[in-house]
Each structure stands twice: as structure tokens, then as C-alpha cells.
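Right, one structure below, let's go through it.
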Amino acid sequence: MKNSELNSLTLEELKQKLEAEKESLTKLKFAHAISPIENPMKIKETKKLIARIRTILKLKETQN
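So the sequence shown is residues 0 to 63, counted in numbering that gives the first Met the number 0.
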């Protein structure tokens, strides 16, 4: 998801997206621990997306 797409989301949508991505990361880590997943870079990408969402969420919260 691009930054411009994340910036257009509301606070509630960002919070929902953050929870969904955290759950996705947990599932990816669990699947990778059991047997190596096809694309382990997906874990890294998900972590970066979570960080981006948190950053945008913090910026929007401080602006209000």
C-alpha cells in the first residue's frame, strides 16, 4: 500500500488496517516457524507497512 493511499484513510480506518496487518504479521511468523514460507521478504514488507501506518496515525493524531 502506498503512502498516498494511507494518507487518504481516516483515523479509524488506519487503526483497523494496523490491527489487520499485525495479525497478518503474526500469522506469517508462525507459518515461517513451522516451515519456511515461499517469500520470507513478505515478513519484512509487512513490518515496514506497520511502521508506515503507525507513523501516519501518529501524525494525524497530533494534528487534531
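Virtual Cβ for every residue (Gly too), placed ideally from N, Cα, C.
Source: prediction; values computed, not measured.
Selected residue, minimal CA-CA separation from residue 48, among 7, 24, 58 and 34: Nearest neighbour of residue 48 by Cα position, chosen from 7, 24, 58 and 34, turns out to be 24.
So what does DSSP say about residue 1, is it helix, strand or coil? Here residue 1 sits in coil by DSSP.
For residue 2 and residue 31, what's the separation of their Cα atoms in angstroms? As the crow flies, the alpha-carbon of residue 2 is around 27 Å from that of residue 31.
Buried versus exposed call for residue 52 [16 or more other C-beta atoms within 10 Å across all chains shown]: Buried: at least 16 other Cβ atoms inside 10 Å.
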